[in-house]
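Residue numbers (the working numbering), protein chains in the order written: chain A, 40 to 407; chain B, 199 to 785.
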Amino acid sequence: MVALVTAASKPIKLAALGVGKSYGSAVALEGASFDLAEGEFLTLLGPSGSGKTTLLMIVAGLVAPTHGQIVIDGRPATSAPTYDRDIGMVFQSYALFPHLTVAENVSFPLEMRRLPRTEIEERVRSILDLVRLGHLADRLPSRLSGGQQQRVALARAMVYRPSIILMDEPLGALDKKLREQMQEEIRRLHRELGITVLYVTHDQDEALGLSDRICLMNNARIEQIGTPDELYFRPQTAFAANFIGESNLLPVSIASAAGDMRELKTKEGRTLRGWAVQGSPSHGEALLGVRPERLKLLSGSDVADNILMGKVRDSVMLGALTRVTIDSEVGARLVALLLTAGGGRLAQGETVRIGWDNSAGIVLPTAA
Amino acid sequence: MSEIAPSNLVRTSLRRESVDGWALLLPVAILLGGFFLYPVAKLLSLSLIDSSGHLTFLQYSRLFGSPVYLSVLWTTLQIAFWTTLICLIAGYPVAYAIARAEHNSRARLMLWVLLPFWTSFLVRTFAWIVLLGRTGVVNDWLLRLGITGSPLDLIYNMAGVLVGMVHALMPLAILTLIPVLEKINRDLERAASVLGARGGTAFWRIYFPLSFPGVAAAGLLVFISALGFFITPTLLGSPRQTMIGQLIIQQIQEMMNWSFGGAISALLIIATVIIFLAFDRLVGMSTLAGEASNVAGSSGSGRLAKLCLSLAGRISDDLAKGLAAVGLTNAPAAAGRTSLLLVLLFLSVPALFLIPVSFSKGAFIEWPPALFSNQWYVAITESSQWLSAAARSVMVAGLSALLALLIGTPAAFALTRFELRGKSVILAIILAPLIVPRIVTAVGLFYLFAQIGLIGTTLGLILGHAVLSMPYVTITVMAVLRHHDWRLEQAAATMGARRITTLRRITLPLLGNGLIAAYLFAFVTSFDELTVALFVTGGLFGTLPKQMWDDALLKVSPTLAAVSVVLLVVITAFVLIADRLTRARQA
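Here it is as structure tokens:
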């Protein structure tokens, strides 16, 4: 039986239990389980082919799972037809009905629920005001800009107050500036209305900025679920470490383990230290993950917990940050992100000492 | 970026381009001007000029004054209307299934529609004679199954005519609907479902309104084509189903009454134009070119339409719910699949019945045929009449298709690659041979060729068929050109290729597939063409369709079945090979 409340005692609006989908011998999604509490913003994040869209479609009822269950608002919904599930959805193509005006599009779901005419008109008006499109109520979708169409799609998905709102890469078709504006808009609506959202994207910046929790997916499986902080500072796999932000991954073997600390040795005999997270191995081969912004270039007598020598391969100024690629003495190529204002230009071939704190290193399992 | 080019250089190159565009239209202008616009105009003018050269409305008063002619007109409109209605209702599910099918099933379904479309029209009509006659297949089965006690009158009446016409025109309706249905975004149905609409409501309130321009276009083309039909009512109908086309033939061929024939032709054209105008008002002409309809539904009639659609949606949903309640949840889907299968069988199976008949020992068409004799096939191969007719058909088709290709392709280039004023008018003129009833074109050509001595000549036939095929060629090539990536030519230019070289080595090879398709289309149009051949050939030197027609008017014998089967086999092989080739290219 499904627990209907979380520890924070918000009711669970959506629970996926071991949901999987195969097309013949091709596995699009392996057993995926997660839950979504009321008012929460959960993002399914992953590259193409990771199974995130398949999972969303199964939640929506537009694709039937091969196994597993979906529970919406405490009621089993696995075999319920889409029109009976209490969900809203925003598509990447917006899917606004081209032959209906903005107002008619937004009133459509209310008409499906047989609400009285006056209530329909009132609700449509207030939601259009909320997304600031009240003055365009009688326009046809073809006469709206991309951003405006997106807002109509949002309004239409929210006007009938469904249990959860699904969003399938809704900002994919917009340019950068517009995307940032729309992210702002979605954040605002989430805060003001307390809507429960299941969001799909491949853009990690978007996920980090919008989500309460992120469900990272890869190769038809869920890799890790956690808050943006958890995923960024405590990734549990090499994939997670490199998909969200960037990570240097050094091959090491574990020499000893003490509590959460691990003492590590490289092939060349250098000793390094790092923290263990959930799923970290306690012996054998491993990867030490260090984020580029945690690497420091040491001068003269500077000390650090972990130090490696290297030669500068490349140094590119990207504005506020400079990205330096270094060939380290342990063979691995390291990337460091330094504040441009901090150091001078580094010359190619220059010998440098790189250092980082113990707290910056995470011990990860080697890629399967 | 363009501060480098002096402005007058740019202007000169644009003007030069424009002249090239008009130059490309010259061949089409000559072909249509001389062999279409002039003859038709002349024919119409004959209806207004009496023997002393004065303007007169005598012919028209005769036409409208006599109840006989008015009833023929009324019959024609009725038949066209019912044909259109049935074609749309039965054809829509097929187009729907094809538009939404996965790649492989789509190709298979299309084949089922394209085979009858390309099979000789006369062959298909003969098949119905075999099927619907008093001693035909349908009556035979009904009697054997005990459903009826005596043979039903299924032929030589309205039923027979409608069956024949629906069978002939449904592929056209389906092929017109498919591109429109394909353009409808699949996400819209998903969105409707998410928003709470069940299947019926989602279809009637979202999908159907968006498909309506396609429905209207298909209805338009079917109705206009049906107006000019004369083959089907002649072979499958009684004198009570006489249509305008037969009237025109009678006046021209039997009574040599050009003026009256011209008047009837004018009537036919006016009816066609009126329907086009109604279509434009209702839906908008641009939808024929694939644009979305601009007629929004916020007017009074729009609200009424919305009400009807909501009601239709509500009723079909309630029906589905009712069926689900008694355990028949899959009934609607099953019904859809069954009707799809029935329509596809209806389209493709009738011609197959000619096969056993062609091996009949008896001298008449009867069912079941007394097997087994190949005397009819032997007779064809030994008959110089049939062989020369076949040879002539192939030659005329091959050459007229080539002519149509050589004239239509430059025209397509002119219309898609150049900025010309009055493009829509030019396109309308180029498409006119499709719109003006073929019989009117045929009679006009007959008049012209009689004056310049081209009756009974192969050249006359080639010219006539080129006029009819050229619009198909132009449309096909235009569609191909629209999808072509012109940056490839630009890339070639940056690499130093001159325009002719680029044309020869880049453009034409890439367009090759489309050009071949256009050629094949023109070939089949000519090969199966009867109307123009009826008037332009003379005496012993006919084409295959003309020969079949003459035979059919005398007596429908198993010879015709044998000829039909040969055509069927050849065309099926043709279509399958072409299909395999196009799919190999796409793979």
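For glycine and all other residues, C-beta sits at the position ideal for the given N, C-alpha and C. Predicted, not measured: the structure shown is a model, and the values here were computed from it.
DSSP places B:S463 in the helix class (H, G or I) of the three-state scheme. Using beta-carbon distances, B:R396 counts as an interface residue toward chain A, with a partner under 8 Å. Restricting attention to A:A65, A:S146, A:K304 and A:Q243, the CA atom closest to the CA of A:S292 is found in A:K304. A:V342 sits exposed, since fewer than 16 C-beta atoms from the chains shown fall within 10 Å of its C-beta. Boundaries of the beta strand (DSSP E) harbouring A:E302: M300 to K304, taken from the DSSP string. Taking C-alpha positions only, B:V335 is separated from B:G362 by approximately 15 Å. In the DSSP assignment, A:Q243 falls within the alpha helix (DSSP H) that extends over Q243 to L249. B:H681 is the residue among B:F719, B:A695 and B:H681 whose C-alpha sits nearest the C-alpha of B:L709. At a C-beta separation below 7 Å, B:N383 has these neighbours in chain A: S132 and A134. Taking C-beta atoms under 8 Å as the contact rule, B:T639 and B:F234 qualify, at a distance of about 6 Å. About 16 Å separates the Cβ atoms of B:T273 and B:V364, ruling out a contact at the 8 Å cut-off.
A:T266 and A:L83 have their C-alpha atoms some 12 Å from each other.
A:N258: not part of any alpha helix (DSSP H); DSSP gives it neither H nor E.
The criterion of a C-beta distance shorter than 8 Å is not satisfied by A:S398 and A:A259. Taking the C-beta atoms as reference points, B:I450 is found nearer than 8 Å to B:G459. Looking only at B:Q583, B:S457 and B:R388, the smallest Cα-Cα distance to B:P743 is reached by B:Q583. Interface with chain A (8 Å Cβ-Cβ cutoff): B:I404 is included. Between the beta-carbon of A:Q263 and that of A:A279 there is about 5 Å, and that keeps the pair under the 8 Å contact cut. Residue contact with chain A for B:R388: present (Cβ-Cβ distance below 8 Å to some residue of chain A).
Nearest in C-alpha terms to A:M221, of all of A:Q188, A:F147 and A:P290, is A:Q188. Per DSSP, B:W747 lies in no beta strand (DSSP E) segment; the continuous alpha helix (DSSP H) that holds it begins and ends at L742 to L752. In summary, the residues of the region 91–115 of chain A whose CB is separated from some CB of chain B by less than 7 Å are A99 and L101, in the order they occur in the chain. Apart from the 5 residues on each side of it in sequence, B:L521 sits with its Cβ closer than 6 Å to the Cβ of A529 in its chain, given in chain order. Taking 8 Å as the upper bound for CB-CB distance, B:I287 and B:V754 are not in contact here, some 31 Å apart. Taking the Cα positions, B:A648 is about 48 Å away from B:Y294.
Fully enclosed beta strand (DSSP E) runs of no fewer than 3 residues occupy 323–329, 335–337 and 345–356 of the region 314–358 of chain A, in order along the chain. Among the residues facing chain B, A:G127 is included, as its CB has a counterpart in that chain under 8 Å away.
Counting along the chain, the unbroken alpha helix (DSSP H) around B:H301 starts and ends at H301 to W316. Within chain B, the residues whose beta carbon sits less than 9 Å from that of A:M151 are A390, L393, G394, A395, R396 and T399, listed in sequence order. Here B:P437 is exposed: its Cβ has fewer than 16 other Cβ atoms, across all protein chains shown, within 10 Å. Counting along the chain, no alpha helix (DSSP H) covers A:G394; the unbroken beta strand (DSSP E) around it starts and ends at T390 to W395. Note on the region 527–598 of chain B: whole alpha helix (DSSP H) runs with a minimum of 4 residues are 529–546, 552–556 and 573–580, in chain order.
By the criterion of at least three beta-carbon pairs nearer than 8 Å, the region 239–257 of chain B is not in contact with the region 426–436 of chain B. DSSP places B:Y645 in the helix class (H, G or I) of the three-state scheme.
Boundaries of the alpha helix (DSSP H) harbouring B:I624: K621 to I633, taken from the DSSP string. Not a single C-beta of chain B is nearer than 8 Å to the C-beta of A:T117.
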